[in-house]
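Peer 1: The structure is given below, and queries will be raised subsequently.
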Amino acid sequence: MRAFGNKALVTILGLAVLFFLYAPLFTMAVFSFNDSNYTGLPFNGFTLEWYAKVFANEQIIRSFGASVFVAVGVVILSVTFGLPAAIALDRYDFPGKAWFRRIVMLPIVLPGVITGVALLSFYVAIGLNLSLYTIMLGQGTALICITATEVFARLQQLGRSTSEAAVNLGANELEVFWKVTLPNIKSALLGAMLIAFSISFDEIAVTYLLTGRENTLPMTLWSMLRREATPEVNAIATLVVVLSVVLIVLGFAISRSRNALADTGEAAL
């Protein structure tokens, strides 16, 4: 028996899922161009007024800068701790290795609210004032696993033969890393960085609990939504969605292209 009966039913179900997922985003994007002060029908005409207001709003520009600052810091933290973790998992055997791998993955599995509450309690206990840096630390804790997972998967594909050959030729561990390992994992690393940046830029649960006086863009958007869903809010959200999609697609494309090139090279050998 064919799954779900026939192709028509599968097609209908697939279209229904796509509609459920993307119809709200499409509607939001359409009404961001509506020449009306309110979100809703009728569509009075096309205008770029709301996008112009977004770029002229100093609060939005400041919060955008804060989001970029936090996201860049999160990427740095993710690479600083995730890259060594991936190399350790791939190259070395040590007691508790299986548990270490699970622990590295745990923060991304936990709900953001749980992570935020736990970190907030920790910051209060040590007397650390809330700021953009506490947001950065909170998000970085959860997103280290992005880099660790991406790089570890690439290292598993790469194998150890190339590194062992370099060692046999007299290279030390640092030279092996810079001249052999890093060039082969740089696409996976860059892809992980882009994905971590995108997730951090959009994150709100941890940010809401750990923010100080300065707001990130999602927090500013949330405060505007509490009053009314205006076309200006739709314009901001549309820009954020576009940026997120571009970064994620670019990250996955880089990883996939590098893996395809690696597979082609291995097949040629």
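Under this note's numbering, the final residue of the sequence shown carries the number 421; numbering is consecutive throughout. For every residue, glycine included, the Cβ atom is placed at its ideal position computed from N, Cα and C. Keep in mind that this is a model prediction, so the values were computed, not measured.
Taking Cβ to Cβ, would you say Thr191 is nearer than 7 Å to Ala389?
Peer 2: Taking 7 Å as the Cβ cut-off, Thr191 and Ala389 do not qualify as a contacting pair.
Peer 1: Rounded to whole angstroms, what is the Cα-Cα separation between Trp202 and Ala250?
Peer 2: About 52 Å.
Peer 1: How should Pro335 be labelled, buried or exposed, when 16 other C-beta atoms within 10 angstroms of its C-beta is the threshold for buried?
Peer 2: By the 10 Å Cβ count, Pro335 comes out exposed.
Peer 1: What ranges does the alpha helix (DSSP H) occupy inside the segment 279-337, keeping only unbroken runs of at least 4 residues that lie completely in it?
Peer 2: Listed in chain order, the complete alpha helix (DSSP H) runs (minimum 4 residues) inside the segment 279-337 are 284-310, 313-320 and 325-328.
Peer 1: Report all residues from its chain with a CB closer than 8 Å to the CB of Ser396; omit the five preceding and five following residues, and keep chain order.
Peer 2: Cβ neighbours of Ser396 beyond the five flanking positions: Ser350, Phe353 and Asp354.
Peer 1: Quick one: give me the first and last residue of the alpha helix (DSSP H) that Gly225 is part of.
Peer 2: Its alpha helix (DSSP H) spans residues Glu210 to Arg243.
Peer 1: On a Cα-Cα basis, can you pick out the residue from Leu391, Ser339 and Val392 that is closest to Leu429?
Peer 2: Outside the displayed span of the chain (153 to 421) sits residue 429, for which this structure offers no information.
Peer 1: How do the segment 233-247 and the segment 303-313 stand: do at least 3 beta-carbon pairs fall below 8 Å, yes or no?
Peer 2: Flag = yes, the segment 233-247 and the segment 303-313 touch.
Peer 1: Could you tell me the boundaries of the alpha helix (DSSP H) in which Leu193 lies?
Peer 2: First-last for Leu193: undefined, no H or E at that position.
Peer 1: Could you round the C-beta distance between Asn196 and Pro383 to whole angstroms and report it? I think they count as a contact, below 8 Å.
Peer 2: Between Pro383 and Asn196 the Cβ distance is about 10 Å, and since that is not below 8 Å, they are no contact.
Peer 1: In angstroms with no decimal places, state the Cα-to-Cα distance between Leu271 and Ala344.
Peer 2: Roughly 24 Å separates the two Cα atoms.
Peer 1: What residue from Gln308, Gly268 and Val303 has the CA that sits closest to Thr293's CA?
Peer 2: Here the closest residue by C-alpha is Gly268.
Peer 1: So with Cβ pairs under 7 Å, would you call Thr333 a contact of chain D?
Peer 2: Going by chain labels, chain D is absent from the structure shown, which holds only one protein chain.
Peer 1: Take Val392 and list the residues in its own chain whose beta-carbon comes closer than 8 Å to its own, dropping the five residues that flank it on each side.
Peer 2: Cβ within range, chain order: Phe353, Asp354, Leu369, Pro370 and Leu373.
Peer 1: Express the C-alpha separation of Ala317 and Arg214 in angstroms, rounding to a whole number.
Peer 2: Distance between the alpha carbons of Arg214 and Ala317 is about 51 Å.
Peer 1: In angstroms, rounded to a whole number, what distance separates the CA positions of Gly417 and Ile337?
Peer 2: Residue placement at Gly417 is flagged as unreliable, the pLDDT there being 46, under the threshold of 50; a coordinate-derived value is accordingly withheld.
Peer 1: Express the C-alpha separation of Arg253 and Pro247 in angstroms, rounding to a whole number.
Peer 2: Cα-Cα distance, rounded: 12 Å.
Peer 1: Could you say which of Val261, Leu361, Gly264 and Ser230 lies nearest to Leu342 if we only look at CA atoms?
Peer 2: Checking every option, the nearest Cα to that of Leu342 belongs to Ser230.
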